[in-house]
Amino acid sequence: GLASQAEHAAQITAMLEAYFTEQQSKGKNTAQVLEANGLVDAALYGSLALKLEDGSPKVPSIRMRLLRRLLKATTPLTVQRALADALVPLLEKEDRASVATEADSNSQDKAASDVSADMC
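For the sequence shown, my numbering gives the first residue as -19, with consecutive numbering after it.
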């Protein structure tokens, strides 16, 4: 269910963060390692964000992580492409979620105004 998805997402996120922290502490920031890390970000974090439920607080932080890496001047072109490919479905998902939330809000506002009109 949703609880197990959130639990798995938290475990995967923790593993990824530990990996990136370890790489930085070892000073392995060669161009190849940075490129590989960028591809890992795009593939894993992008996929993870799509699996999380709508409204998860992790989704915006993942989106920002991918955007920051995309906008870095030192990000290789291959990584930029992978990040862009990961961001498109993520942004589409967020857009669909915001449209659904807006529709729910509008229907609640209409229901509240209908109740007010009935009271008059």
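Think of the CB as a built atom: it goes at the ideal place given N, C-alpha and C, for glycine as much as any other residue.
A quick note: this is a predicted structure, and the numbers were derived from the prediction, not measured.
Proximal residues to residue i (C-beta, below 6 Å), its chain only, five neighbours per side dropped
i   : result
L14 : none
Pair within 7 Å by beta-carbon distance, residue i and residue j
i   : j      : result
L50 : L63    : yes
A77 : D34    : yes
L30 : K38    : no
L28 : A(-11) : yes
Distance, residue j Cα to residue i Cα
i      : j     : result
L47    : L67   : 8 Å
E(-13) : G18   : 24 Å
T54    : Q60   : 10 Å
V79    : M(-5) : 33 Å
Q4     : E(-3) : 11 Å
S36    : E2    : 27 Å
S41    : Q(-9) : 16 Å
E74    : E82   : 12 Å
K6     : P56   : 21 Å
A16    : R45   : 15 Å
Close Cβ partners of residue i (< 8 Å) along its chain, the five nearest in sequence each way excluded
i   : result
D65 : A22 and G26
A11 : P56
Contacting residues, own chain, Cβ-Cβ under 7 Å from residue i (five flanking each side not counted)
i   : result
P69 : L30
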